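Protein chains in written order, with our numbering: chain X, -1 to 255; chain E, 452 to 614. Read through the structure below, which is laid out as structure tokens, and then see the notes.
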Amino acid sequence: MTIQDDPFISEILTSHVPERREIAPDWANVLRRAGVREPWRLELSRRRLLIALAAILVAVLASALAVSAENDWWFLRDGPFKGPAPTGEVVVVATGAWEGHDWTLTAYRTHFNPEEEVCLALTPSESPDLRGRDFGCGMIPVPSEWKSFAFGFTTGPKGSGFPPYVLASVPGEATNVRIELTDGKTIEAKTFAAPAELGLQIRFLAAPLPGCPNLERIVALDDQNDLVAQSSVLHQPGTCPGEHPGGEPLPPVTGHR
Amino acid sequence: MSNRVSVAASVNKLEQLYRSGFHRYLRVAEAIAGNPDSGLDAVQEGFARAIRHRSDFRGDAQVSTWVWACVVNAARAARPQRESPIGEELPEVGTEESQSLSSVRNLIAVLPERQRLVLFLRYYADLDYRSIAGVLGVELGTVGATLNKAHATLRQQLEEVPK
Chain X
-1 MTIQDDPFIS
9 EILTSHVPER
19 REIAPDWANV
29 LRRAGVREPW
39 RLELSRRRLL
49 IALAAILVAV
59 LASALAVSAE
69 NDWWFLRDGP
79 FKGPAPTGEV
89 VVVATGAWEG
99 HDWTLTAYRT
109 HFNPEEEVCL
119 ALTPSESPDL
129 RGRDFGCGMI
139 PVPSEWKSFA
149 FGFTTGPKGS
159 GFPPYVLASV
169 PGEATNVRIE
179 LTDGKTIEAK
189 TFAAPAELGL
199 QIRFLAAPLP
209 GCPNLERIVA
219 LDDQNDLVAQ
229 SSVLHQPGTC
239 PGEHPGGEPL
249 PPVTGHR
Chain E
452 MSNRVSVAAS
462 VNKLEQLYRS
472 GFHRYLRVAE
482 AIAGNPDSGL
492 DAVQEGFARA
502 IRHRSDFRGD
512 AQVSTWVWAC
522 VVNAARAARP
532 QRESPIGEEL
542 PEVGTEESQS
552 LSSVRNLIAV
562 LPERQRLVLF
572 LRYYADLDYR
582 SIAGVLGVEL
592 GTVGATLNKA
602 HATLRQQLEE
612 VPK
């Protein structure tokens, strides 16, 4: 779209841009607010460092023992794609099949300092190398007045026999989702209720996408078709859903449980 | 949502955006929040929120757009809850100070919130229409229409100011 600024207003406004204040950026303050410690730049004494390492080790071992018995899902295994530790059980949200490929949609709650999040995974049921799987975590979606960026989403890998797909957690009121593509087409999909064991009033979306479309927007609607939340996608031109950052697809792994 | 693979890189990217665009974020946040202290607080809080929720955006989306949304939302939250819908009485603009900083700011201050946000993002942040649409979660056409409306209102008010 061509930028069509009004020259008169433009001149007035740019001449009245607030003066640049002599304030230096303070990234350490941002990290503190976010609950993230600035690695190694903090004044950790050697002793405190050892205590911290020991605590981390204990936490990791406890976490590993806790999840190993019942949660042997691929996204909880050690490795580069390991998700955060669950704070509850991994629950099956839905199962289905796309183009002859069965899948299982699972979700679990986790804690991502300082807030709670929900993680979502789609696992191919019969693929030995799990091609087509995808996983993501995000804030627990709630309806908001602003109605934008109110929920997270992720898109599944292509080239795996699976069609490209989109996963999302949406506010509990959102029984339907409209996926808008950049070519003007839209896809309507029903959402899945969160199982009671999850203890969250939210719903989940798992929907296949045709071909290799560019997503424009995902709109969550209630049963009256009123807007509950929406998320702009803004794919860069030429980027397919399912192509992960860097363009590298997820490498195969073996066995999903 | 996105995969955790790129989490560490995301923090680095956020830091990069923060350091390179700090004064632009500050300028817009101050304008939205209505005072310098709240504006600074909104920038810090917006980026802190971006870090906390960094798993909510995908690597192939515009990270900068998403960060702008975090800062704008933090600044909106910091703004005192008193909105003056357009059509209400506008503040008086003195002859001597016509088109001065304060008069222009007063005129902007009484615009509806969406018009104000679009103006700030366009002129103070220098974002293009597509990015503004992403930040505000609205259609591309809405940005143009909103900006036109804001232009028309401002132009009318500015032209009415005694010379």
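Using N, Cα and C, we set each Cβ at its ideal position, and we do this for glycine too. Keep in mind it's a predicted model, so treat the numbers as computed, not measured.
| Check | Outcome |
| --- | --- |
| Rounded distance between the beta-carbons of residue 477 of chain E and residue 498 of chain E, thought under 8 Å | Actually they do not touch by this definition, with Cβ atoms about 11 Å apart. |
| Minimum Cβ-Cβ distance from residue 224 of chain X to chain E less than 8 Å | no |
| Boundaries of the alpha helix (DSSP H) in which residue 519 of chain E is found, first to last residue | 514 to 529 |
| Within 8 Å, strictly: CB atoms of residue 89 of chain X and residue 108 of chain X | no |
| Residue 597 of chain E burial status per 10 Å Cβ neighbour count (16 or more: buried) | buried |
| Residue 221 of chain X in three-state terms, based on DSSP | coil |
| contact_flag[the region 489 to 504 of chain E, the region 518 to 527 of chain E] where n(CB pairs < 8 Å) is 3 or more | yes |
| Where residue 605 of chain E meets chain X, residues with beta-carbon distance less than 7 Å | 7 |
| Distance between beta carbons of residue 139 of chain X and residue 227 of chain X, contact taken as under 8 Å | 7 Å |
| Delimiting residues of the alpha helix (DSSP H) encompassing residue 600 of chain E | 591 to 611 |
| Alpha carbon of residue 197 of chain X to alpha carbon of residue 599 of chain E, nearest angstrom | 46 Å |
| Those residues which DSSP pairs with residue 566 of chain E across a bridge | Paired residues: none, contrary to the question. |
| Buried or exposed (CB count within 10 angstroms, at least 16 for buried), residue 537 of chain E | Caution applies to residue 537 of chain E, whose pLDDT of 32 falls short of 50 and renders its modelled position unreliable; the value that the coordinates give is listed next. It is exposed - the Cβ of residue 537 of chain E has fewer than 16 other Cβ atoms within 10 Å. |
| Of the residues X:200, X:222, X:218 and X:181, the one placed nearest residue 209 of chain X, counting alpha carbons only | X:181 |
| Residue 26 of chain X classed as buried or exposed, judged by whether at least 16 other C-beta atoms fall within 10 angstroms | exposed |
| Cα-Cα separation between residue 179 of chain X and residue 207 of chain X, rounded to whole angstroms | 10 Å |
| Of the listed residues X:134, X:188, X:4 and X:168, nearest to residue 83 of chain X (C-alpha basis) | X:134 |
| Beta strand (DSSP E) runs contained entirely in the region 65 to 131 of chain X, provided each spans 3 or more residues | 89 to 96, 99 to 110 and 113 to 122 |
| Neighbourhood of residue 530 of chain E by C-beta, 7 Å cutoff - its chain only, sequence neighbours within 5 removed | 483, 484 and 485 |
| Candidates X:121, X:117, X:173 and X:81, of which the one nearest residue 99 of chain X by Cα | X:121 |
| Amino acids of chain E, ordered along the chain, whose beta-carbon sits closer than 9 Å to that of residue 193 of chain X | In chain order: nothing, as chain E lies at least about 19 Å away. |
| Distance between beta carbons of residue 580 of chain E and residue 594 of chain E, contact taken as under 8 Å | 5 Å |
| Host alpha helix (DSSP H) of residue 503 of chain E (start-end) | 487 to 503 |
| Residue from E:563, E:601 and E:480 with nearest C-alpha to residue 520 of chain E | E:480 |
| Run of the beta strand (DSSP E) containing residue 575 of chain E, from where it starts to where it stops | Neither: residue 575 of chain E is in no beta strand (DSSP E) and is coded neither H nor E. |
| Exposed unless 16 or more other CB atoms sit within 10 angstroms - verdict on residue 5 of chain X | exposed |
| For residue 585 of chain E, three-class secondary structure by DSSP | helix |
| Residues that residue 199 of chain X contacts on chain E, provided the C-beta gap is smaller than 7 Å | Correct list: empty, because the minimum Cβ distance to chain E is about 18 Å. |
| Chain X contact for residue 466 of chain E (CB, 8 Å cutoff) | yes |
| Contact check, residue 201 of chain X vs residue 189 of chain X, beta carbons under 8 Å | yes |
| Bridge partners - residue 200 of chain X, DSSP secondary structure assignment | X:169 |
| Chain X contact for residue 530 of chain E (CB, 8 Å cutoff) | no |
| Per-residue burial, residue 567 of chain E [other beta carbons within 10 Å of its own, 16 or more giving buried] | buried |
| Cutoff 8 Å: residue 555 of chain E Cβ touching any chain X Cβ | yes |
| Residue 27 of chain X: contacting residues in chain E (beta-carbon distance under 8 Å) | 495 |
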